[in-house]
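K.L.:
In order, the protein sequences belong to chains A and B. Here the working numbering is used: the first residue of the first sequence is 1, the next is one more, and so on. Here the working numbering is used: the first residue of the second sequence is 1, the next is one more, and so on.
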Amino acid sequence: MQKAFLVDGSLCLGCNTCAMACKNQYHQDKGILWRKVREIGAEEYHNDNNNILPTLVSYQKAPKAQMPMERFYFSLACNHCENPACVAVCPVGAHTKDPETGICKHDQTICIGCGGCVKACPFGASKFNEKMNQAEKCSMCWERQADGKTTACVQSCPVGAIAIIDLHDPKYKEYANAAPIGIDYAINAETKPSTRFIHPTMPKEVYRLPKG
Amino acid sequence: MSYSKENVESIVNNGISRRSFLKGLAASGVLSSFPGGILQANEDLNTKIPYLGEKSYQTFRNACPRNCYDTCSIKTYVKDGVMQFIEGAQESTYTRGGCCVKGNSYVKRVYSARRLKYPMMQVGGKGSGNWKRISWDNAIDIIAKKLLEMKKEDGTLLGAALTKYSGNFGITHYGIEGMFNSIGYTTRLAGTPCWPAGIDAQNLDMGDMWCNDPEEMKDSKFIILWGVNPAANSIHSMKYIYEAKKKGAKVVVIDPVFTEAASKASQYIQIKAGTDGLLALGMAKIIIEAGLHDQKWLDANSKGYKEYKAYLDKEIKLENVSKITGIPLAMIKELALSFAKAKPATIWMGYGMQRHTNGGSMIRAIDAFVAVSGNIGKYAGGARYGHLSTWGFNYAALSMPKPEGSVGYTGPEGAKGDVAQGKDAKSNYTDRFLNINKTARELLNAKEPKVRLLWVACKNVFAQDFDRNQLIRAFQQLDLVVVADQFFNETAKWADIVLPVATQFEEYDVNVSYWHYWLTLNEQAIKPLFEVKSDLEIAAMLSKRMNQLQSGSCTFPQSVDTKAMMAKEFNPGIYEQFGIKSWEELKNGPVKAKAVIPYADGKFKTPSGKFEFYSDKALELFGSALPAYLEVRKPYDKFRMTSPHSRWSLHSQFQNLEWMEDVHPEPYVYINPDDAEAKMVKEGDTVAVFNKQGLLRLKAKLTDNVQAGTLLMYEQWYNNNIYNVNELVDDTSSDMGAFKTGAPGVALHDTFVNFRKL
Ligand code: SF4
Ligand code: SF4
Ligand code: SF4
Ligand code: SF4
Numbered sequence: 001m002q003k004a005f006l007v008d009g010s011l012c013l014g015c016n017t018c019a020m021a022c023k024n025q026y027h028q029d030k031g032i033l034w035r036k037v038r039e040i041g042a043e044e045y046h047n048d049n050n051n052i053l054p055t056l057v058s059y060q061k062a063p064k065a066q067m068p069m070e071r072f073y074f075s076l077a078c079n080h081c082e083n084p085a086c087v088a089v090c091p092v093g094a095h096t097k098d099p100e101t102g103i104c105k106h107d108q109t110i111c112i113g114c115g116g117c118v119k120a121c122p123f124g125a126s127k128f129n130e131k132m133n134q135a136e137k138c139s140m141c142w143e144r145q146a147d148g149k150t151t152a153c154v155q156s157c158p159v160g161a162i163a164i165i166d167l168h169d170p171k172y173k174e175y176a177n178a179a180p181i182g183i184d185y186a187i188n189a190e191t192k193p194s195t196r197f198i199h200p201t202m203p204k205e206v207y208r209l210p211k212g
Numbered sequence: 001m002s003y004s005k006e007n008v009e010s011i012v013n014n015g016i017s018r019r020s021f022l023k024g025l026a027a028s029g030v031l032s033s034f035p036g037g038i039l040q041a042n043e044d045l046n047t048k049i050p051y052l053g054e055k056s057y058q059t060f061r062n063a064c065p066r067n068c069y070d071t072c073s074i075k076t077y078v079k080d081g082v083m084q085f086i087e088g089a090q091e092s093t094y095t096r097g098g099c100c101v102k103g104n105s106y107v108k109r110v111y112s113a114r115r116l117k118y119p120m121m122q123v124g125g126k127g128s129g130n131w132k133r134i135s136w137d138n139a140i141d142i143i144a145k146k147l148l149e150m151k152k153e154d155g156t157l158l159g160a161a162l163t164k165y166s167g168n169f170g171i172t173h174y175g176i177e178g179m180f181n182s183i184g185y186t187t188r189l190a191g192t193p194c195w196p197a198g199i200d201a202q203n204l205d206m207g208d209m210w211c212n213d214p215e216e217m218k219d220s221k222f223i224i225l226w227g228v229n230p231a232a233n234s235i236h237s238m239k240y241i242y243e244a245k246k247k248g249a250k251v252v253v254i255d256p257v258f259t260e261a262a263s264k265a266s267q268y269i270q271i272k273a274g275t276d277g278l279l280a281l282g283m284a285k286i287i288i289e290a291g292l293h294d295q296k297w298l299d300a301n302s303k304g305y306k307e308y309k310a311y312l313d314k315e316i317k318l319e320n321v322s323k324i325t326g327i328p329l330a331m332i333k334e335l336a337l338s339f340a341k342a343k344p345a346t347i348w349m350g351y352g353m354q355r356h357t358n359g360g361s362m363i364r365a366i367d368a369f370v371a372v373s374g375n376i377g378k379y380a381g382g383a384r385y386g387h388l389s390t391w392g393f394n395y396a397a398l399s400m401p402k403p404e405g406s407v408g409y410t411g412p413e414g415a416k417g418d419v420a421q422g423k424d425a426k427s428n429y430t431d432r433f434l435n436i437n438k439t440a441r442e443l444l445n446a447k448e449p450k451v452r453l454l455w456v457a458c459k460n461v462f463a464q465d466f467d468r469n470q471l472i473r474a475f476q477q478l479d480l481v482v483v484a485d486q487f488f489n490e491t492a493k494w495a496d497i498v499l500p501v502a503t504q505f506e507e508y509d510v511n512v513s514y515w516h517y518w519l520t521l522n523e524q525a526i527k528p529l530f531e532v533k534s535d536l537e538i539a540a541m542l543s544k545r546m547n548q549l550q551s552g553s554c555t556f557p558q559s560v561d562t563k564a565m566m567a568k569e570f571n572p573g574i575y576e577q578f579g580i581k582s583w584e585e586l587k588n589g590p591v592k593a594k595a596v597i598p599y600a601d602g603k604f605k606t607p608s609g610k611f612e613f614y615s616d617k618a619l620e621l622f623g624s625a626l627p628a629y630l631e632v633r634k635p636y637d638k639f640r641m642t643s644p645h646s647r648w649s650l651h652s653q654f655q656n657l658e659w660m661e662d663v664h665p666e667p668y669v670y671i672n673p674d675d676a677e678a679k680m681v682k683e684g685d686t687v688a689v690f691n692k693q694g695l696l697r698l699k700a701k702l703t704d705n706v707q708a709g710t711l712l713m714y715e716q717w718y719n720n721n722i723y724n725v726n727e728l729v730d731d732t733s734s735d736m737g738a739f740k741t742g743a744p745g746v747a748l749h750d751t752f753v754n755f756r757k758l
């Protein structure tokens, strides 16, 4: 099993409820977001300012997106990679990959704050908290899931634009290699990120007033 | 002006610093469960609060009391007396387990270092920035003495004014008006800046403002979102719209702006602002000519259809409709006919549309179109605007008698007021009502007696009211301005005394929505932090002091328990409507009112008992019996400015929070690329946007989400930015509002500006 986020850009309102629900649950410091709602066509994922050093992955160019400003989004957190760089690089085993669920967890009680994972993650998903001198990231609310709840972000999304799927379930095969449009998501990264996407489209009919 | 930010902030932040607050918690053993990081004396709650399992928390029922369609039912998780996180209540199918981005910032709001913590007095005069911490006793003593002194000098308390609006819509918060009722006849800033023109329009047409349950929209076959943007402002409604769309319904957004909702619709139709009423009239004409109107329903349920039809026949030329609205005739026809053929079909009208000088007339025209199509009184149909049908509480906190011998207003306008102002039927006096939408002007002009004391509650006057320069003058001439709030906002800066107010998590209350049909209990989840007090407790303290100084001078209870006050709001009608026997049942979760389809029985509370295309009342009050086309305000500057609500704030709340700054740090002006090019403005440039009222400086974003000729800026209050879009708005009235709310609305969206690159 590989639990993964399926994010549906056709439903996403860009409301940022998911990102704030995550802060509400875990109280990330000002300036840190484990989940970020990214505007299609507007941002460079690999320039995430919490990613303190440039990563080694060369990004695939984002497929061009001619989407109106501030209207179409994908919500992204840690991608719970199949070959997580964070797990590989951590010298003390603070990052682990759950063999059963595939969730990549980070344990702050073990973390020594070396920052290796922050540098190694191709997605800027692992953040460095300078006040605590430790790394931190989305652990797919594994404690909530173990308690029979869904993740805070999924539960809060008003339109069901984030789902948790099992990437190994053949029924999700169609999403296997769908790189998102307008976001330079390194789908080919060696870490094999698990997040998958449903692409948004413009309304079928759009009428704008003529010029002048 | 010697306002010093540092000075204020050090007072705001230092009195009880976060460190000493946390020390207090540590002493009481509360902190043992916190991860180590939180003990740092910085302004943030540090990462990471682990989720400990449902059983580790105490849970409480809360509600989001803001001026929001969605009025979420909240479940609050508390550990050792400290709020850990909130969730949307699962019991409400409407809230469905989640709040919005704003609701999810509540923990930060409660524990924000920026909160007002204790009473303060601006000893250097208003706007001086020279503040001193004072005790509650001292603050209340100053206010009580001032009130009694005014009463002695003026022979009345009409010199004391209250301005309160939508900062907290909880039912017990009408106790603030109750506090003013309890001291005598006073002056009230009356009316509503929000939705009055539309309220009047719906009341003229249908005798009420009453909408179908939004959850029914999932079964609508055709939905027009007309000037409404639920994808930003009523996100919980979107799931029903999506469901309808998935089942094959067409969702059309008509709006001058390509909104978030437009981006998710089946069709977006851009329209010239202020011409929506004309479009609705044209659409009605089209379906009547095609024989698609519901003659049977009209015969049985309407008054004046003949006159209305004659007006359409004679005055409405479809080519003109197309020309003035900017929409091709073929598209208008297609829209009208497909709406009329789909059953049930519904229109949701936003509040922005009626913030024009012809706003009420536009809502009337759309109501009429929905009526002609036969969709009024139908499941999943309706002309939706809002409702107050679940608001039948006792208003016990509001209904305070006047002290014996109180003298009030007998001005030329005579007795005037509406239910919410506590009019005394047995008396010859009334309160004095000033138009809330012209606050500055009215405060300056009020005579005999002059307004000398202003109490501000549940409202950020400087962020939400108009004509800033006059406001400053008005505030400066007042003897005493009292601001009760949670944050040190711009209005507080112009106060003499600020009083720190409890959040909803620190008091009891009960909440309903003006959109959906759920009822939610709001429990006290944590002890009030610092020295904050609920508005009811403040009223009680004032009563106690006034009675000490002059027995019988205030009738408000001298000590209150917010739980008991909340319980007093319930009555058999509410219990019957919601199918509960006691409010205690609400501890198990929110409940929904028994389903009623508005007007399904064909009964309207209009004078004729029918849907009134022709309204004598409208003729009497507004000069037109029919929903006739009224031209919108003429431009007085180069560009129209529109200032809709953003997703990040509710009026002046939420955007100021540290967490909100992480997802949305700063304001922008959105400019159409053609207009920007003409002014040599590029993406990210700082521009000045200005008009006869004022000038704002901010960064530009270029987008054809806004039409050429229009600038868009969101209405927001930032903690660290002087930006305030209402500084550009004058106080020109909309056409309607005076009928039901005591004062006309404001034509906010008929503001005109110019801009240039800086
Ligand atoms: S909560 Fe849902 S709709 Fe809102 S931004 Fe997140 S994914 Fe998108
Ligand atoms: S996205 Fe980064 S932090 Fe998350 S599992 Fe992959 S490598 Fe690790
Ligand atoms: S799964 Fe949990 S930790 Fe990860 S982004 Fe969502 S809410 Fe945050
Ligand atoms: S602001 Fe509205 S949507 Fe957000 S939590 Fe409050 S009631 Fe819910």
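All C-beta atoms, glycine included, are put in the ideal place defined by N, C-alpha and C.
Under 7 Å between C-beta atoms, does H27(A) make it to chain B?
P.N.:
Residue 27(A) sits at position 27 when you count from the first residue of the first sequence. Yes, contact with chain B.
K.L.:
Give a single yes or no on whether C15(A) has its beta carbon closer than 6 Å to a heavy atom of ligand 4.
P.N.:
Within the first sequence, the letter at position 15 stands for residue 15(A). False, no ligand heavy atom lies under 6 Å from that Cβ.
K.L.:
Starting from the C-beta of P449(B), find all residues in its chain whose C-beta is less than 6 Å away, skip the five residues before and the five after it, and write them out in chain order.
P.N.:
Here residue 449(B) is taken as the residue at index 449 of the second sequence, counted from 1. Hits under 6 Å: D154, L158, G159.
K.L.:
So, is A139(B) buried or exposed, given that buried needs 16 or more other C-beta atoms within 10 angstroms?
P.N.:
For this step, residue 139(B) is matched to residue 139 along the second sequence. Counting Cβ neighbours within 10 Å, A139(B) comes out buried, since at least 16 surround it.
K.L.:
In chain order, what residues of the same chain have a beta carbon less than 6 Å from the beta carbon of T555(B), not counting five sequence neighbours either side?
P.N.:
Residue numbering aside, residue 555(B) sits at position 555 when the second sequence is read from its first letter. So the qualifying residues of the chain are S182, M400, P401, P403.
K.L.:
Distance, Cα to Cα, K617(B) vs T606(B)?
P.N.:
Along the second sequence, one-based indexing puts residue 617(B) at 617. Along the second sequence, one-based indexing puts residue 606(B) at 606. Spanning the two alpha carbons is a distance of roughly 9 Å.
K.L.:
Do A232(B) and K264(B) count as a contact pair if the criterion is CB distance below 7 Å?
P.N.:
Residue numbering aside, residue 264(B) sits at position 264 when the second sequence is read from its first letter. Residue numbering aside, residue 232(B) sits at position 232 when the second sequence is read from its first letter. Not in contact: K264(B) and A232(B) (Cβ atoms no closer than 7 Å).
K.L.:
Report all residues from its chain with a CB closer than 7 Å to the CB of M1(A); omit the five preceding and five following residues, and keep chain order.
P.N.:
The count along the first sequence starts at 1 and reaches residue 1(A) at position 1. If we look at M1(A) and ignore the five residues flanking it on each side, its Cβ neighbours are E100, T101, G102, D166, H168.
K.L.:
Just the C-alpha distance for Q354(B) and M140(A), rounded to the nearest angstrom, thanks.
P.N.:
Within the second sequence, the letter at position 354 stands for residue 354(B). Within the first sequence, the letter at position 140 stands for residue 140(A). As the crow flies, the alpha-carbon of Q354(B) is around 44 Å from that of M140(A).
K.L.:
Under 9 Å Cβ-Cβ, which residues of chain A neighbour C100(B)?
P.N.:
Along the second sequence, one-based indexing puts residue 100(B) at 100. Correct list: C15, N16, T17, M20, S156, P158.
K.L.:
Where does the unbroken beta strand (DSSP E) through N435(B) begin, and where does it stop?
P.N.:
Walking along the second sequence from the start, residue 435(B) turns up at place 435. 432-435 is the extent of the beta strand (DSSP E) around N435(B).
K.L.:
What is the DSSP secondary structure of I103(A), reduced to helix, strand or coil?
P.N.:
If you number the first sequence from 1, residue 103(A) lands on position 103. Three-state result, I103(A): coil.
K.L.:
Which value, in whole angstroms, describes the spacing of the CA atoms of A120(A) and A65(A)?
P.N.:
Against the first sequence, residue 120(A) aligns to sequence position 120. Against the first sequence, residue 65(A) aligns to sequence position 65. As the crow flies, the alpha-carbon of A120(A) is around 28 Å from that of A65(A).
K.L.:
So, is the C-beta of T642(B) closer than 7 Å to a C-beta in chain A?
P.N.:
Counted from its first residue, the second sequence places residue 642(B) at position 642. Closer than 7 Å: no.
K.L.:
Say yes only if the C-beta of C64(B) is nearer than 6 Å to one or more non-hydrogen atoms of ligand 4, and no if none qualify.
P.N.:
Along the second sequence, read from residue 1 onward, the residue named residue 64(B) stands at position 64. C64(B): yes, Cβ under 6 Å from ligand 4.
K.L.:
Please report the distance separating the alpha-carbon of E243(B) from that of M132(A).
P.N.:
Along the second sequence, read from residue 1 onward, the residue named residue 243(B) stands at position 243. Along the first sequence, read from residue 1 onward, the residue named residue 132(A) stands at position 132. So the alpha carbons of these two residues sit roughly 45 Å apart.
K.L.:
As a quick exercise: from N445(B), P65(B), Q270(B), pick the residue whose alpha carbon is nearest that of T172(B).
P.N.:
Mapped onto the second sequence, residue 172(B) falls at position 172. For T172(B), the nearest C-alpha among the options comes from P65(B).
K.L.:
Name, please, each residue of chain B whose Cβ falls closer than 9 Å to the Cβ of M69(A).
P.N.:
The residue you call residue 69(A) lines up with position 69 of the first sequence. Those within 9 Å of M69(A) in chain B are Y670, K701, L702, T703, D704, N705.
K.L.:
If you reduce the DSSP assignment to three classes, tell me which class P230(B) lands in.
P.N.:
To locate residue 230(B), count along the second sequence from 1; it is residue 230. Three-state DSSP puts P230(B) in a helix.
K.L.:
Is the beta carbon of T151(A) within less than 6 Å of some heavy atom of ligand 3?
P.N.:
Locating residue 151(A) in the first sequence gives position 151, counting from the first residue. Result yes, Cβ under 6 Å from ligand 3.
K.L.:
Can you list, in chain order, the residues of its chain with a C-beta nearer than 7 Å to that of G29(B)? Leave out the 5 residues immediately preceding and following it.
P.N.:
What you label residue 29(B) is simply residue 29 of the second sequence in a count that begins at 1. In this prediction, G29(B) scores a pLDDT of 34, lower than 50, which makes its location untrustworthy; the coordinate-derived value is nonetheless stated afterwards. For G29(B), where only same-chain residues beyond five positions count, there are no Cβ hits under 7 Å.
K.L.:
From what residue to what residue does the beta strand (DSSP E) around G148(A) run?
P.N.:
Sequence index remark: in the first sequence, residue 148(A) carries index 148 (1-based). First-last for G148(A): undefined, no H or E at that position.
K.L.:
Does the Cβ of D431(B) have 16 or more other Cβ atoms within 10 Å, making it buried, or fewer, making it exposed?
P.N.:
In the second sequence, the residue the question calls residue 431(B) occupies position 431. Classification of D431(B): buried, given that the 10 Å Cβ count is 16 or more.
K.L.:
Is the CB of W583(B) under 7 Å away from at least one CB in chain A?
P.N.:
Here residue 583(B) is taken as the residue at index 583 of the second sequence, counted from 1. It does not; no Cβ of chain A falls within 7 Å.
K.L.:
In the DSSP assignment, what residue or residues form a beta bridge with S75(A)?
P.N.:
What you label residue 75(A) is simply residue 75 of the first sequence in a count that begins at 1. The partner list for S75(A) (beta bridge, DSSP) reads V37(A).
K.L.:
Buried or exposed, going by whether 16 or more other CB atoms sit within 10 Å of the CB of G175(B)?
P.N.:
In the second sequence, residue 175(B) corresponds to position 175, counting from 1. Classification for G175(B): buried.
K.L.:
Check the Cβ of G113(A) against every Cβ in chain B and list those closer than 8 Å, keeping chain order.
P.N.:
In the first sequence, counting from the first residue as 1, residue 113(A) sits at position 113. Those within 8 Å of G113(A) in chain B number zero; the least Cβ separation is about 12 Å.
K.L.:
What would DSSP say about T187(B), mapped onto helix, strand or coil?
P.N.:
Residue mapping note: residue 187(B) aligns to position 187 of the second sequence, counting from 1. It is a strand residue.
K.L.:
Mind checking whether P214(B) and W518(B) have CB atoms under 7 Å apart?
P.N.:
Along the second sequence, read from residue 1 onward, the residue named residue 214(B) stands at position 214. Along the second sequence, read from residue 1 onward, the residue named residue 518(B) stands at position 518. Cβ distance not < 7 Å, so P214(B) and W518(B) don't count as in contact.
K.L.:
Taking only the alpha-carbon atoms, compute the straight-line gap between K98(A) and G103(B) and give it to the nearest angstrom.
P.N.:
Position 98 of the first sequence, counted from the first residue, corresponds to residue 98(A). Position 103 of the second sequence, counted from the first residue, corresponds to residue 103(B). Sequence inspection shows Asp at residue 98(A); the Lys mentioned does not correspond to that position. Rounded to the nearest angstrom, the two C-alpha atoms are 32 Å apart.
K.L.:
Return yes when the C-beta of C100(B) is under 6 Å from any heavy atom of ligand 4, and no when it is not.
P.N.:
For the purposes of this step, residue 100(B) is taken as the residue at position 100 of the second sequence. At least one heavy atom of ligand 4 is nearer than 6 Å to the Cβ of C100(B), so yes.
K.L.:
According to DSSP, simplified to helix, strand and coil, what is I171(B)?
P.N.:
Position 171 of the second sequence, counting from 1, holds the residue named residue 171(B). The answer is helix: DSSP assigns I171(B) an H, G or I state.
K.L.:
Determine the closest residue to N588(B) out of G274(B), N522(B), E531(B), K533(B), with distance taken between C-alpha atoms.
P.N.:
Taking the second sequence and counting its residues from 1, one reaches residue 588(B) at position 588. For N588(B), the nearest C-alpha among the options comes from N522(B).
K.L.:
Restricting to Cα atoms, I'd like to know which of K246(B), K634(B), K272(B) is closest to K221(B).
P.N.:
Mapped onto the second sequence, residue 221(B) falls at position 221. Selected option, being the one with the closest Cα: K246(B).
K.L.:
Rounded to whole angstroms, how far is the Cβ of V252(B) from the Cβ of I224(B), which I believe are closer than 8 Å?
P.N.:
Start at 1 with the first residue of the second sequence, and residue 252(B) comes out as number 252. Start at 1 with the first residue of the second sequence, and residue 224(B) comes out as number 224. Separation of the CB atoms of V252(B) and I224(B) is rounded to 5 Å, and the pair is thereby assigned contact status at 8 Å.
K.L.:
The alpha helix (DSSP H) that contains I140(B), what's its start and end?
P.N.:
Taking the second sequence and counting its residues from 1, one reaches residue 140(B) at position 140. 136-154 is the span of the alpha helix (DSSP H), which, as asked, contains I140(B).
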